[in-house]
Ligand code: HEC
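In the working numbering, the protein residues as written are 163 to 469.
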């Protein structure tokens, strides 16, 4: 190793044209012919731009109301590990929480009843869930819209016909669609859990408008959604004790699934990928060693011809 480095570094020193190369390179430099004035001008321009950037960054940081916002603590979700799947019993319970509590205000537009099949429900159960809901369809022969029981292919119905109606019913605040909410908020499912369980009295001096509630995890602290989950707010069909934190944990897991339905497949692919690539890399390493062995150990001799 050392011998190789020495050979590479040393070789340049003995070359007669090494200085010429340096000169050649420096004659390509664009700054060489600049006057001192121009250099000073451009230098100060650079300093000014850097200073302005730093100032903008500090000003931006200083107006952020970080003292009124808490970062959600990281929870030990059972799906946290690199190879861990979602807890599907929890996804099923979370669906019950969404259906009985959140669905009164929040839509879940991008999830269809058929998506539940094989994830949290059997096909029959998912069909029954769909038939429980009345879906608007139409127009019929007379040109009227009508309601019919849901089918597997239907998407979850929204509680309000449009955003304006949703705002009118919620003091002007819009309850966002929850399909992708864990991907759309910093902290993901940790944030949802902290938000749902984090309601408390506002600190002294903070005035809330009518219809606002204090939640330290919501940016700014004043949220227009009232606390939705309480102990025993509903019953689970599997008999799990419905404490507020259990409800929040299950609905967060469910919303993690709605945002990343491919979650389990992705992790399964990772296991397959690691297995396949370990084999491929090991084989190519072996083949490379094998093919290069004769090249690396050969000796080249120069024999001048004596004639
Ligand atoms: C009574 C209606 C109502 C119910 C029930 C309700 N929400 Fe909300 N939710 C709202 C409104 C209104 C907002 C908008 C709040 C705002 O922007 O200040 C909101 C906002 C949210 C947000 C977004 C917060 C953010 O960072 O922007 C999440 C997440 C959320 N709700 C989750 C839930 C979950 C989960 C449930 C069920 C356990 C639920 N909500 C039940 C009305 C409701």
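Every residue, glycine too, gets a C-beta built ideally from N, C-alpha and C.
Check                                                                                                                                                           : Outcome
So, at 6 Å on beta carbons, what are the nonlocal neighbours of residue 351 in its own chain, with the 5 sequence-adjacent residues on each side left out?      : 344, 414 and 418
Residues in its own chain within less than 6 Å of residue 278 by CB, not counting five upstream and five downstream?                                            : 288
For residue 430, which option in 241, 274 and 263 has the closest C-alpha, if you only look at C-alpha atoms?                                                   : 241
So residue 316 and residue 331 are supposed to be a Cβ contact under 8 Å. How far apart are they, rounded?                                                      : That pair is no contact at about 23 Å.
Rounded to a whole number of angstroms, what is the C-alpha to C-alpha distance between residue 217 and residue 384?                                            : 30 Å
Here's the rule: buried if 16 or more other CB atoms are within 10 angstroms of the residue's CB, otherwise exposed. What is residue 282?                       : buried
Unbroken alpha helix (DSSP H) runs of length 4 or more, entirely within the stretch 303 to 389: which are they?                                                 : 325 to 331, 343 to 346 and 350 to 359
Give a yes or no on contact between the stretch 353 to 366 and the stretch 231 to 250, applying the rule of three or more CB pairs nearer than 8 Å.             : yes
Quick check on DSSP: helix, strand or coil for residue 299?                                                                                                     : strand
Buried or exposed for residue 223, going by 16 or more other Cβ atoms inside 10 Å?                                                                              : exposed
With DSSP collapsed to three states, give me the class of residue 274.                                                                                          : strand
Could you give the residue range of the alpha helix (DSSP H) that holds residue 437?                                                                            : 425 to 458
Comparing alpha-carbon positions, which option in 409, 424, 349 and 453 lies nearest residue 256?                                                               : 409
Using alpha carbons as the reference points, say which of 244, 321, 455 and 243 lies closest to residue 271.                                                    : 321
Going along the chain, which residues of its own chain have a beta-carbon closer than 6 Å to the beta-carbon of residue 247, five neighbours each way excluded? : 426
Is DSSP giving residue 468 helix, strand or coil here?                                                                                                          : coil
If we count the other Cβ atoms within 10 Å of its Cβ and call it buried at 16 or more, is residue 421 buried or exposed?                                        : buried
Indicate the three-state DSSP secondary structure (helix, strand or coil) for residue 171 in the structure shown.                                               : Confidence in residue 171 is poor, its pLDDT being 48 and thus under 50, which makes the residue's placement unreliable; the coordinate value appears in the next sentence. Helix, per DSSP.
Can you tell me whether residue 312 is buried or exposed? The criterion is at least 16 other CB atoms within 10 Å of its CB, across all chains shown.           : buried
By how many angstroms is the C-alpha of residue 438 removed from the C-alpha of residue 245?                                                                    : 16 Å
Please report how far the alpha carbon of residue 424 lies from the alpha carbon of residue 381, in whole angstroms.                                            : 29 Å
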